[in-house]
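Counting from 1, position 93 in the sequence shown corresponds to residue 93 in my numbering; the numbering is continuous, with no gaps.
Even for Gly, the Cβ is constructed at its ideal location relative to N, Cα and C.
Notes follow the structure.
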Amino acid sequence: MKLLVATSNPGKMVEVREILAPVGFELLTLQDAALPPPDETGVTFQDNAAAKATECAAQSGLWTLADDSGLCVDALGGAPGVRSARYAPTDEERRAKVLAGLKGVPEFRRGAHFFCAVALSAPGGRHIYRAEGRVDGRIGDEARGSGGFGYDPIFYPNEAAGRSLAELPSAEKNALSHRGRALTRLRPLLERLARDGAL
Ligand code: ITT
């Protein structure tokens with residue numbers, strides 16, 4: 001059973017592959033399906049995930065999964081939020097911008113969370129199934145670790161005993177991350193789809 005994953009972010013793709021490995025899909029990338037990255041014009045994670053999934057499902061004729069996610073920092077009024085991928089030109093500049101925005105902010109006011117909305121669309125974009133996940137933590141004073149991607153080195157989950165998300169082995173990140181939690185909630189549907197080829 002084929003499932004298209006509508007992302008152009010290689011870090012996300014690696015994690016989706018690991019998290020969904022036990023379900024047994026043949027996962028296809030946008031490149032495999034010869035599709036361009038979908039547009040993101042919504043104002044919520046949920047709208048963006050649904051739009052990416054339905055657009056790519058309509059173009060490909062395949063069952064399609066999309067993820068829209070980001071980092072929400074309390075002291076920055078929820079920024080970068082849905083604009084996480086566009087907050088600055090590179091991952092390093094995006095992390096530096098968050099750290100600069102929190103310069104001098106004490107530890108107890110450095111709360112943040114990652115949020116992930118996932119959407120699963122039937123071929124043609126007719127039906128859509130959704131789930132969400134989040135992980136709470138804080139923004140550290142410095143970047144640490146080389147795992148994961150994006151903002152992981154500056155985000156310290158409450159459940160990770162002082163380690164940044166980039167310092168966790170991938171299985172540990174996936175067990176507590178926003179993406180891992182969203183996909184775990186969708187998992188009964190995904191298992192049925194992989195087994196029956198339909199929902
Ligand atoms: P697609 O839309 O093609 O999937 P994207 O990177 O543009 O890729 P989003 O619009 O959902 O995806 O933006 C998510 C951004 O939020 C991503 O580029 C990272 O900067 C950040 N992000 C999301 N999940 C993350 C994670 O697990 N660790 C670190 N940063 C993450």
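Query, Result
"CA-to-CA distance, P188 to M1, given in whole angstroms", "16 Å"
"G258 versus L3, V73, E191, E15, residue with shortest Cα-Cα distance", "Only positions 1 to 199 of the chain appear in this structure, which leaves residue 258 out of reach."
"Any non-hydrogen atom of the ligand ITT closer than 7 Å to G148 Cβ", "yes"
"Close Cβ partners of S177 (< 6 Å) along its chain, the five nearest in sequence each way excluded", "V135"
"Per DSSP, cross-strand counterpart(s) of F108", "According to DSSP, F108 bridges with nothing at all."
"I128 versus A100: straight-line alpha-carbon distance, rounded", "39 Å"
"Which residues DSSP lists as bridging P157, in chain order", "G137"
"Burial state of K103, where buried means 16 or more other Cβ atoms lie within 10 Å", "exposed"
"T7: CB within 7 Å of a non-hydrogen atom of the ligand ITT", "yes"
"Closest by C-alpha distance to C56, when choosing among L3, P80, K12", "L3"
"Best match in R130, G125, A112 for proximity to V118 [C-alpha to C-alpha]", "R130"
"Distance between T90 and Q31 (C-alpha atoms, nearest Å)", "22 Å"
"Extent of the continuous beta strand (DSSP E) to which V5 belongs", "2 to 5"
"Close Cβ partners of G133 (< 6 Å) along its chain, the five nearest in sequence each way excluded", "C116, H178, R181, A182"
"Cβ-based burial, A6 [other Cβ within 10 Å; buried from 16]", "buried"
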